[in-house]
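Residue numbers (the working numbering), protein chains in the order written: chain A, 85 to 237; chain B, 85 to 237.
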DNA sequence: TATCTTCTCAACTAATCCAGTCGAGAAGAT
DNA sequence: ATCTTCTCGACTGGATTAGTTGAGAAGATA
């Protein structure tokens with residue numbers, strides 16, 4: 085249940101691109117890497133994956149760089165994570181809806197499906213624009229309000 | 085965001101133990117492995133971890149085996165996962181409540197905290213007894229009711 | 001006490017994934 | 001031409017995953 089460096093970097097870069105959206109100009113990889121403290125080469129590999137997934141648009145040469153392919157408000161965190169990591173939830177590489185167990189654990193797949201659904205409830209409802217502009221939606225706010233949500237567990 | 089074989093096996097074994105709770109007798113590793121189709125040696129390693137975490141009680145020798153250390157209704161899936169995998173959510177090995185980012189991604193930790201909170205909402209509210217006895221709680225039922233929850237994404 | 005059963009624990013391994021680095025090249029701008 | 005910036009594949013060292021193996025400890029039974 086861990087978020088990898090790659091996934092984290094991808095989201096941070098996308099948020100940074102969201103913040104630069106209003107300039108209408110592409111942002112250089114060097115700048116993105118510098119702002120977020122991410123190794124530049126690694127980040128550029130990730131950005132290329134985001135381009136192949138249709139999330140980012142790129143331009144080469146002087147005045148080149150990266151920008152979001154769609155309005156920032158329409159790029160969710162789930163979109164970015166799926167682009168670099170594949171399905172949001174998987175049990176041994178299998179999607180939860182395709183599992184089947186025997187014996188007493190027969191109903192366990194429902195728990196994994198519920199788990200995925202709860203992930204989606206958060207990740208599909210927060211866009212990179214929301215994060216960049218500090219307008220987090222209720223799906224996030226409601227869950228971070230409680231002090232308990234911030235405690236280690 | 086993947087559930088490892090180890091985590092999956094741990095939960096399935098715990099559910100199987102929940103199902104055997106009413107007998108009051110320990111269940112052999114061989115039986116658990118057979119019921120769930122899990123390599124026995126690997127499973128016994130996992131069960132030893134569950135014992136060290138206080139979730140399972142063991143007895144050696146003839147008539148030995150494994151049983152839950154607490155009533156099955158008080159052992160949640162979250163308990164089992166934490167026992168074998170550590171914290172439910174971590175970004176590059178760091179708990180979401182301890183992250184700090186600069187630049188446009190400053191508010192991103194809140195998203196990760198919300199994510200963890202949504203995981204907990206499911207995993208801390210379903211016990212291994214619920215699964216074994218097919219009495220899934222609202223936290224699960226509500227999320228699996230929608231057809232959409234079962235679709236690949 | 002001897003024996004049988006069952007868990008215990010550390011060590012080992014093969015394969016995969018993670019988190020990068022590196023370098024030659026392609027595409028644009030001037 | 002030349003400079004800039006992205007592109008893509010190959011490579012690497014270390015960690016993690018998913019196990020296996022084997023000697024041993026602890027109980028039960030006779």
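For glycine and all other residues, C-beta sits at the position ideal for the given N, C-alpha and C.
Residue closest to residue i, alpha-carbon to alpha-carbon, out of the options
i              : options                           : result
residue 159(B) : 210(B), 178(B) and 197(B)         : 210(B)
residue 183(A) : 111(B), 130(B) and 235(B)         : 235(B)
residue 222(B) : 199(A), 212(A) and 175(A)         : 199(A)
residue 139(A) : 162(A), 179(A), 123(A) and 147(A) : 162(A)
residue 86(B)  : 110(B), 172(B) and 154(B)         : 172(B)
residue 152(A) : 92(A), 144(A), 131(A) and 165(A)  : 131(A)
residue 95(B)  : 106(B), 207(B) and 232(B)         : 207(B)
residue 88(A)  : 233(B), 225(B) and 178(B)         : 178(B)
residue 192(B) : 129(A), 120(A) and 166(A)         : 120(A)
residue 227(B) : 156(A), 181(A) and 98(A)          : 181(A)
Reduced DSSP secondary structure (H/G/I, E/B, other) of residue i
i              : result
residue 211(A) : strand
residue 152(A) : strand
residue 135(B) : helix
residue 141(B) : strand
residue 200(A) : helix
residue 122(B) : coil
residue 183(A) : coil
residue 193(A) : helix
residue 220(A) : coil
residue 233(A) : helix
residue 188(B) : helix
residue 167(A) : helix
Identified DSSP bridge partners for residue i
i              : result
residue 174(B) : 86(A)
residue 111(A) : 150(A)
residue 160(B) : 211(B)
Residue i versus residue j - alpha carbon distance
i              : j              : result
residue 197(B) : residue 112(B) : 39 angstroms
residue 137(B) : residue 189(A) : 21 angstroms
residue 122(B) : residue 186(A) : 12 angstroms
residue 26(A)  : residue 148(A) : The structure shown does not extend to residue 26(A), since chain A is modelled only from 85 through 237, so no value can be given for it.
residue 218(B) : residue 201(A) : 20 angstroms
residue 133(B) : residue 126(B) : 11 angstroms
residue 230(A) : residue 118(B) : 43 angstroms
residue 101(A) : residue 145(A) : 18 angstroms
residue 205(B) : residue 115(A) : 38 angstroms
residue 194(B) : residue 142(B) : 41 angstroms
residue 90(B)  : residue 168(B) : 8 angstroms
Where residue i meets chain A, residues with beta-carbon distance less than 9 angstroms
i              : result
residue 102(B) : 188
residue 120(B) : 185, 186, 187, 188 and 189
residue 236(B) : 171, 179, 181 and 182
Contact list for residue i against chain B, beta-carbon separation under 9 angstroms
i              : result
residue 169(A) : 85 and 86
residue 141(A) : Per Cβ cutoff of 9 angstroms: no residues; residue 141(A) is ~18 angstroms from chain B at best.
residue 153(A) : Under the 9 angstroms cutoff, chain B gives no residues; its nearest Cβ is about 18 angstroms from residue 153(A).
residue 111(A) : Per Cβ cutoff of 9 angstroms: no residues; residue 111(A) is ~11 angstroms from chain B at best.
Listed by chain order, chain A residues near residue i by CB distance under 7 angstroms
i              : result
residue 175(B) : 87 and 92
residue 218(B) : 191
residue 213(B) : Those within 7 angstroms of residue 213(B) in chain A number zero; the least Cβ separation is about 10 angstroms.
residue 96(B)  : 185, 189 and 192
Partner residues on chain B for residue i, Cβ-Cβ distance less than 8 angstroms
i              : result
residue 203(A) : 85, 199, 202 and 203
Chain A residues whose Cβ lies nearer than 8 angstroms to that of residue i
i              : result
residue 129(B) : Simply none; closest approach about 17 angstroms.
residue 228(B) : 194, 197, 198 and 201
residue 164(B) : What residue 164(B) touches in chain A: nothing, since even the nearest Cβ is about 11 angstroms away.
Residue i: CB within 8 angstroms of a non-hydrogen atom of the ligand SAH
i              : result
residue 123(A) : In the structure shown, the ligand SAH is absent, as is every other ligand, since no ligand is present at all.
Interface residues of chain B facing residue i [CB-CB closer than 7 angstroms]
i              : result
residue 156(A) : What residue 156(A) touches in chain B: nothing, since even the nearest Cβ is about 10 angstroms away.
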